[in-house]
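Quick note: the sequence shown uses our numbering, first residue 62, plus one each step. Quick reminder that beta carbons are idealized off the backbone N, C-alpha and C, glycines included. As structure tokens, the structure follows; a few thoughts come after it.
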Amino acid sequence: MEFDFAAEQPKFLMLMYGLVAFVAVVGGLLLLLDVVPAWFARRREAQLVAASASGAPMPRRRKPREGVFALFFLLPTLLLLAIGLVVPAVRTVLLSFMDQGSDDWVGLRNYGWMFSEDSIVRVLLNTLIWVLLVPLVATTFGLVYAVLVDKARFEAVAKSLIFLPMAISFVGASIIWKFVYAYRGDGQEQIGLLNQIVVSLGGEPKQWLLDSPLNTLLLIVIMVWIQAGFAMVVLSAAIKAIPADIVEAARLDGVTPWQMFWQITMPSIRPALIVVVVTLSIATLKVFDIVRTSTNGNYDTSVIANEMYNQAFRYGENGQGSALAVFLFVLVIPIVIYQIRNIRQQREG
62 MEFDFAAEQP
72 KFLMLMYGLV
82 AFVAVVGGLL
92 LLLDVVPAWF
102 ARRREAQLVA
112 ASASGAPMPR
122 RRKPREGVFA
132 LFFLLPTLLL
142 LAIGLVVPAV
152 RTVLLSFMDQ
162 GSDDWVGLRN
172 YGWMFSEDSI
182 VRVLLNTLIW
192 VLLVPLVATT
202 FGLVYAVLVD
212 KARFEAVAKS
222 LIFLPMAISF
232 VGASIIWKFV
242 YAYRGDGQEQ
252 IGLLNQIVVS
262 LGGEPKQWLL
272 DSPLNTLLLI
282 VIMVWIQAGF
292 AMVVLSAAIK
302 AIPADIVEAA
312 RLDGVTPWQM
322 FWQITMPSIR
332 PALIVVVVTL
342 SIATLKVFDI
352 VRTSTNGNYD
362 TSVIANEMYN
372 QAFRYGENGQ
382 GSALAVFLFV
392 LVIPIVIYQI
402 RNIRQQREG
């Protein structure tokens, strides 16, 4: 297959324009941050030299206005946030009140459709199952790992192996687990690990990703496999931060390992547990790659993020897709507010 450069020339031009715009914006910001402080420094130096030559008293150094400097350095970030986050968010909210082609206002019809359509209600229930199970199971496994490998002989190696799935993208992990769940008909050699185990035990191979709700639970296993390493690292650091004198005092009092875990370890790592659960809850609400790669949302496995993509980009239903996006945003807000309040309480305490 020959490459036709002339046919692809518009794409190369768009790529070139993007690169030039990126270099201009980023280079301009870096130049600005370098030139402005240097200009103030040269101005101050010139004032000192002039005062020294004329014998006049040295000019007082004005107290820097921290608010002005803070605004100056934050301005690029605020600008990018406004362009990339605030404006699209406002536009999405407006589109959620409009029809399929974003031409006419339809009020709350898209939100009514969300809770009245059986397939979408199933999507919402699937998302609820994900949010309930993934943070709980992943945090539990991470805590068990953290306790078991703490001060073990090969602690570093064990932690590296447990954390390794975090280095894999959600798409890559989903492809790996699709091979685990792979199915071949009776009489054929099974290439899927799970079906091979079933056949070895005398059972019949099964198409694991076709039966609901088992397929949703099997997809949740992928997310837990990825995120358990994150939970383990955070909780392990929290366990190691427990003061040694508290642990020694508990041991002198004759507490059992079980009492040590519930009365010393758990209360001490509670802030870390909250951080892990909140982080995993937000990540789970937004899960898209695993479902998209594994089942494409078929067989009653779709979640909000996947259905939002389908409605907006596959079916051309801009209003319904935007309504799902807004609903997903609303679900994340209480979790974020809780985390902010929790951080404030920790600082005040």
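If you ignore the 5 residues before and after SER157, its C-beta comes within less than 8 Å of the C-beta of ASN171, TYR172, GLY380, SER383, ALA384, ALA386 and VAL387, all in its own chain and listed in chain order. If you draw a straight line from the Cα of SER297 to the Cα of ILE343, it is about 21 Å long. The beta carbon of ALA234 lies closer than 8 Å to those of PRO226, ILE283, TRP286, ILE287 and ILE351 in the same chain, with the five residues before and after it left out. In the structure shown, TRP269 falls within a coil segment according to DSSP collapsed to helix, strand and coil. Inclusion of VAL338 and THR188 in the CB contact set at 8 Å is not warranted, their separation being larger than that value. The residues LEU296, ALA299 and ILE300, in chain order, have a CB closer than 7 Å to that of ILE330 in the same chain once the five nearest residues on each side in sequence are set aside. Every alpha helix (DSSP H) of 4 residues or more that sits fully in the region 218-262 is shown, in chain order, as 231-241 and 254-261. About 4 Å separates the CB atoms of ALA289 and PHE202; that is less than 8 Å, so the two are in contact. ALA143 counts as exposed, since fewer than 16 other beta carbons sit within 10 angstroms of its beta carbon.
With contacts defined by Cβ atoms closer than 8 Å, VAL195 and ILE281 form a contacting pair. In this model, ASN367 and TYR360 are separated by some 13 Å (Cα to Cα). LEU222 has its alpha-carbon roughly 32 Å from the corresponding atom of GLU265. THR362 and ASN276 do touch by the CB rule: their CB atoms are close to 5 Å apart, below 8 Å. Close CB contacts of ASP272 within its chain, under the 7 Å cut and outside five residues either way in sequence, are absent.
For ALA373, no alpha helix (DSSP H) run applies, since DSSP gives it neither H nor E. The beta carbon of SER115 lies closer than 8 Å to none in the same chain, with the five residues before and after it left out. Across the set VAL110, LYS267 and ILE181, the C-alpha of LYS267 shows the shortest separation from the C-alpha of TYR242. Counting along the chain, no alpha helix (DSSP H) covers MET159, and no H or E run does either. Going by DSSP, LYS301 is part of the alpha helix (DSSP H) stretching over 275-301. Per the coordinates, the alpha-carbon of GLY263 lies some 21 Å from the alpha-carbon of PHE240. Between VAL316 and GLN324, the beta carbon gap of about 7 Å places them in contact (Cβ cut-off 8 Å).
Inside the region 311-380, DSSP marks whole alpha helix (DSSP H) runs of 4 or more residues at positions 318-321, 331-346, 350-355 and 365-370, from first to last along the chain. Rounded to whole angstroms, ALA311 and MET321 show a C-alpha spacing of 7 Å. Rounded to the nearest angstrom, the gap between the Cα atoms of VAL198 and VAL192 is 10 Å. With respect to VAL232, THR354 sits close: the two C-beta atoms are nearer than 8 Å.
Under DSSP, the beta-bridge partners assigned to TRP166 are MET159.
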